[in-house]
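Here is the structure we will look at, set down as structure tokens.
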Amino acid sequence: MREFLSNPFVIGILCFIAGALFVYIKSLFKQRELKNEIKSLKNNIVAAMDEHRVNVEKIKALEEQVNNQKVTIQMLQEKPSTRELRELRQYAEACAMMTKKAPGFAQAWQNCLEEIAQKEAEESIGRILFTKPLQKLASIFKRPPVLEEDKESSEFAATDQDDHKPPENQKSNK
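Heads up, the sequence shown is in my numbering, so the first residue is 37 and it goes up one at a time.
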């Protein structure tokens, strides 16, 4: 048997078998590692999908909540006072239109009211634009406090004016 094992051909075949056995065992270990890694990846994917499903459910619940809040906001914007004011404006416009369409004095009266309202609207635009800057300037240039001498002189001026009133007013003051 020693002769058989000493043959170089047999030694080559035995070395080849030993190498193949080593590679096979190593591949078994590697295969076991890969199976474990595949299991962990599957678990991670399942966990991620579960989390995604839960998040989708939360998003749907939040969308429902947002829709409910939109409806609530819309209802709150339609407060009774707002509706009543709108109806009041509509009734006022209807009355104005009816009086304008009536012949005679009512039509002229309504036209005058509209002109006055238009003038006030034009004036209010100018007031709004220039009121704030003028208020700031007015606060800078406030009048100084009235001195006591000025108060006395204003009292004398008031009594002088009383002397120039018609006699009826003088009798009632005395």
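No residue lacks a Cβ here, since even glycine has one placed at the ideal position from N, Cα and C.
About 6 Å separates the beta carbons of Q143 and K136, which is inside the 8 Å limit, making them a contact pair. In this structure, the CA atom of F58 is about 10 Å from the CA atom of L64. In the displayed model, A153 falls within a helix according to three-state DSSP. Residues of the same chain with a CB within less than 8 Å of the CB of N72, apart from the 5 flanking positions on each side, do not exist. Membership of G140 in any alpha helix (DSSP H) is not indicated, and neither H nor E is assigned to it by DSSP.
For secondary structure counted as the alpha helix (DSSP H) over 4 or more consecutive residues, the stretch 76-125 holds no complete run. The alpha-carbon of H88 is positioned some 14 Å away from that of A97. Here DSSP, grouped into helix, strand and coil, assigns N43 to coil. By alpha-carbon distance to A132, the top candidate from G48, L41 and Q146 is Q146.
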